[in-house]
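Using my numbering, read the sequence shown as starting at 59 and increasing by one per residue.
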Amino acid sequence: MIKNVKILVLFAVVMLATTGYGAERPRLVVNFVVGGLRCEEFDKCSSSFLSDGFRRFMEKGVVCSNSYYEFMQTNSAATLATMTTGTAPSMHGVVGDKWVDYTTGTVVGLIADDTAESYGTDLGSSKVSNKNLVVPTLGDEVLDATEREGKVVTVAADVTSAIVMGGMKSRSVFWLDAARGKWTTSNKYAGGLPMWVTDYNDADPEKSYLGQEWVPVFIPETYKSKEATVINMDAAGKRVKNRRPTYRDYAKLQITPAGNYMVADFVKQVMVQEELGLDDNVDVLNVCFDASRFVSEMYGPESLEAEDMLYRMDLILSELMNYIETRVGGAKDVLFVLTSDHGMSDSYDFGVEDPRPRFNVAQFRVLLNGFMAAHYGGENWILEYSDRNIYLNRQQAYSMGLDVATVQRQAATFVLQFRGISHVLTSDDLMGGSFATSYGKLMQNGFYPKRSGDLMINLMPDWIEDEDEVRADSGSLYDYDRHVPLMFVGCDLEPMQIKEKVDMAQLPVTLAYIMGVERPAAAEVDEIEYFKELYK
Numbered sequence: 059m060i061k062n063v064k065i066l067v068l069f070a071v072v073m074l075a076t077t078g079y080g081a082e083r084p085r086l087v088v089n090f091v092v093g094g095l096r097c098e099e100f101d102k103c104s105s106s107f108l109s110d111g112f113r114r115f116m117e118k119g120v121v122c123s124n125s126y127y128e129f130m131q132t133n134s135a136a137t138l139a140t141m142t143t144g145t146a147p148s149m150h151g152v153v154g155d156k157w158v159d160y161t162t163g164t165v166v167g168l169i170a171d172d173t174a175e176s177y178g179t180d181l182g183s184s185k186v187s188n189k190n191l192v193v194p195t196l197g198d199e200v201l202d203a204t205e206r207e208g209k210v211v212t213v214a215a216d217v218t219s220a221i222v223m224g225g226m227k228s229r230s231v232f233w234l235d236a237a238r239g240k241w242t243t244s245n246k247y248a249g250g251l252p253m254w255v256t257d258y259n260d261a262d263p264e265k266s267y268l269g270q271e272w273v274p275v276f277i278p279e280t281y282k283s284k285e286a287t288v289i290n291m292d293a294a295g296k297r298v299k300n301r302r303p304t305y306r307d308y309a310k311l312q313i314t315p316a317g318n319y320m321v322a323d324f325v326k327q328v329m330v331q332e333e334l335g336l337d338d339n340v341d342v343l344n345v346c347f348d349a350s351r352f353v354s355e356m357y358g359p360e361s362l363e364a365e366d367m368l369y370r371m372d373l374i375l376s377e378l379m380n381y382i383e384t385r386v387g388g389a390k391d392v393l394f395v396l397t398s399d400h401g402m403s404d405s406y407d408f409g410v411e412d413p414r415p416r417f418n419v420a421q422f423r424v425l426l427n428g429f430m431a432a433h434y435g436g437e438n439w440i441l442e443y444s445d446r447n448i449y450l451n452r453q454q455a456y457s458m459g460l461d462v463a464t465v466q467r468q469a470a471t472f473v474l475q476f477r478g479i480s481h482v483l484t485s486d487d488l489m490g491g492s493f494a495t496s497y498g499k500l501m502q503n504g505f506y507p508k509r510s511g512d513l514m515i516n517l518m519p520d521w522i523e524d525e526d527e528v529r530a531d532s533g534s535l536y537d538y539d540r541h542v543p544l545m546f547v548g549c550d551l552e553p554m555q556i557k558e559k560v561d562m563a564q565l566p567v568t569l570a571y572i573m574g575v576e577r578p579a580a581a582e583v584d585e586i587e588y589f590k591e592l593y594k
């Protein structure tokens with residue numbers, strides 16, 4: 059009898075060790091994406107964080123301190139696609155917001171769809187869908203695995219963020235209509251807005267945010283940053299009266315704290331109305347806080363505005379996580395993930411008497427087009443410049459009997475002479491060989507033959523493109539753009555620091571492993587080793 063008990067105890071110990079003792083499989087996975095969040099901001103501001111906001115991730119969660127996007131195209135569309143599909147742009151095909159269709163010479167918008175209509179929006183913002191997405195996401199795999207009994211819901215202020223994260227099969231993808239401040243979706247997802255969304259919109263919650271002066275959430279002494287553009291530090295702790303709301307001020311809300319608050323308020327409605335995490339089927343909730351990115355781009359990541367947004371984001375996360383756990387019934391049933399779409403450069407004009415130079419795209423296009431016309435004849439050689447991609451007029455080259463690869467190389471030689479450009483590769487280069495290391499590999503990982511340009515360029519460190527109301531930006535192959543936070547908390551996970559390098563494409567693969575569903579079909583990487591052992 060004693061011998062049998064010993065055998066049973068030994069069997070139980072072995073089973074606990076091999077089934078991930080101490081790690082619960084979640085009923086709900088919540089992906090929090092804070093736009094444009096740089097890793098160094100945590101160190102700078104952590105002393106002012108709440109214990110159950112960012113610091114809950116930092117001190118009680120699994121922290122991947124060396125997580126990177128392994129490609130150059132660190133624009134939000136491309137990175138959000140990677141964190142949901144488990145692969146780079148070279149496979150998932152999202153190289154940016156737009157590209158040129160080489161067969162027609164016309165510009166194609168990533169989310170544009172002339173056959174689509176959105177609900178309650180103006181005509182110009184209504185024709186959007188996910189038809190140009192190429193490969194399935196983690197959410198798509200969850201829907202398949204649960205035969206649509208599991209739910210996948212995506213919420214974002216920005217329409218592109220929502221559609222890219224929402225994937226190919228979800229029917230619950232929501233974003234803010236910038237013109238009206240209402241929540242909407244496309245008829246390509248659902249035959250109409252759910253009644254609860256209509257009722258929520260009819261209550262006009264967005265109007266409470268209009269006309270508010272931006273005042274700091276804490277007293278001025280709390281802040282490390284000293285430079286402010288619109289935030290009124292003198293009004294700290296004071297009650298500020300709203301002016302009368304004005305129609306079409308809603309787009310401006312996305313570059314204020316209101317943009318994130320509106321997302322958080324809607325997420326609470328989603329939790330209630332969609333009943334997420336309340337049954338045995340695993341659910342996924344994707345939440346993208348785009349306003350943080352917009353603010354850092356406009357005012358700079360070193361600004362008081364960006365720092366105040368970070369403190370407010372800390373408060374939002376604290377409240378949302380507590381709310382979600384209460385709804386679901388406990389911390390062990392929810393896995394929270396915190397990450398970002400990309401980092402960001404320093405502001406081009408911060409801390410220097412003479413602002414850093416910026417890359418003038420308009421001038422560049424004119425000069426390159428002039429060079430090509432002088433060398434080959436013809437006129438309109440540059441069809442488009444987008445996300446560091448240059449699209450040449452291939453039809454014109456064909457009509458003149460020119461070899462496109464030769465034309466690309468000639469253009470590349472001229473482009474490399476421009477001040478501010480550090481690297482240039484042609485599509486012929488990127489298709490013709492394999493770059494094992496260095497900048498070539500990062501650029502090749504961001505290259506999708508049917509959508510990427512004839513030339514792909516990288517700018518010098520700290521250079522950004524010259525755009526109105528943009529002080530900082532992303533899109534390069536440097537660490538400050540590719541290095542992002544990645545943290546997990548919940549499901550009784552023990553605190554852990556993972557110092558090994560993590561490819562952000564591993565995120566959806568790891569989550570699939572944790573949830574016990576198939577990895578995204580196009581994924582090219584393995585799950586993070588720590589979780590592989592934990593959930594064995």
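No residue lacks a Cβ here, since even glycine has one placed at the ideal position from N, Cα and C.
* In chain order, what residues of the same chain have a beta carbon less than 6 Å from the beta carbon of G167, not counting five sequence neighbours either side? -> Hits under 6 Å: K156.
* Between the Cα of F472 and those of A215, T164, A431, spot the shortest distance and give me the residue it belongs to. => A431
* Anticipated Cβ contact below 8 Å, L425 with G478, distance rounded -> Not confirmed; about 13 Å, so no contact.
* With V192 as the anchor, note down where its alpha helix (DSSP H) starts and where it stops. => Here V192 belongs to no alpha helix (DSSP H), and DSSP marks it neither H nor E.
* CA-to-CA distance, W272 to V288, given in whole angstroms -> Between the C-alpha atoms of V288 and W272 there is a straight-line separation of about 7 Å.
* Asked: For V528, which three-state DSSP category applies?
  -> DSSP, reduced to helix, strand and coil, places V528 outside both helices and strands of the structure shown, so it counts as coil.
* How many whole angstroms separate the CB atoms of T218 and G178, which I take to be in contact at a CB cut-off of 8 Å? -> Not really, about 19 Å apart at Cβ, beyond 8 Å.
* Asked: Given V298, which residues of its chain have a CB within under 7 Å of its CB, disregarding the five upstream and five downstream residues?
  -> Any reading at V298 must be qualified, since the residue scores a pLDDT of 43, below 50, and its modelled position is unreliable; the value itself is stated next. Q270, E271, V273.
* Asked: What are the uninterrupted segments assigned as beta strand (DSSP E) that are 3 or more residues long and contained completely in the stretch 448-500, given in chain order?
  -> 479-484
* Asked: Do Y267 and L311 come within 8 Å of each other at the CB atom, strictly closer than that value?
  -> yes
* Asked: Looking only at C-alpha atoms, which of S228, A349, L488, I374 sits nearest to F107?
  -> I374
* Asked: Is DSSP giving G317 helix, strand or coil here?
  -> helix
* Can you tell me the Cα-Cα spacing of V410 and D404, whole angstroms? -> 11 Å
* Just confirm the distance between the C-beta atoms of S187 and K227, as a whole number of angstroms; I'd bet it's less than 8 Å. => So it is not a contact: roughly 13 Å between Cβ atoms.
* Asked: Quick one: what's got a C-beta closer than 7 Å to E585's C-beta in the same chain, skipping five residues either side?
  -> Q564, V567, T568, Y571
* To do: Sort out for me which residues DSSP pairs C549 with in a bridge.
  => Note: C549 sits in no beta bridge, so no partner.
* Asked: Which runs of the alpha helix (DSSP H), 4 residues or longer, sit entirely within the stretch 248-293?
  -> 253-260
* To do: Quick one: using the 10 Å Cβ neighbour count with 16 as the cut-off for buried, is S109 buried or exposed?
  => Result: exposed.
* Same chain only: Cβ atoms within 8 Å of N318, ignoring 5 sequence neighbours per side -> A215, F347, A349, S350, M367, R370, M371, I374
* Separation of E285 from V528, as counted between CA atoms -> 16 Å
* **Collapsed DSSP secondary structure at F115 in the structure displayed** => The three-state reading of DSSP puts F115 in helix, counting H, G and I together.
* To do: Could you please give the first and the last residue of the uninterrupted alpha helix (DSSP H) stretch that includes N427?
  => 419-434
* So what's K594 in DSSP terms, helix, strand or just coil? -> coil
* Simplified DSSP state of E582, which is helix, strand or coil -> coil
* **Beta-carbon separation (whole angstroms), N124 vs N344, contact threshold 8 Å** => In fact, because the Cβ distance is near 24 Å, the residues do not count as touching under 8 Å.
* **Inter-stretch contact (C-beta, 8 Å, three-pair minimum) for the stretch 390-402 and the stretch 536-553** => yes
* **Distance, E437 Cα to V542 Cα** => 42 Å
* What number of angstroms, rounded off, separates the C-alpha of N447 from the C-alpha of R83? -> 42 Å
* **Cβ separation of E442 and V165, assumed to be a contact under 8 Å, to the nearest whole Å** => 6 Å
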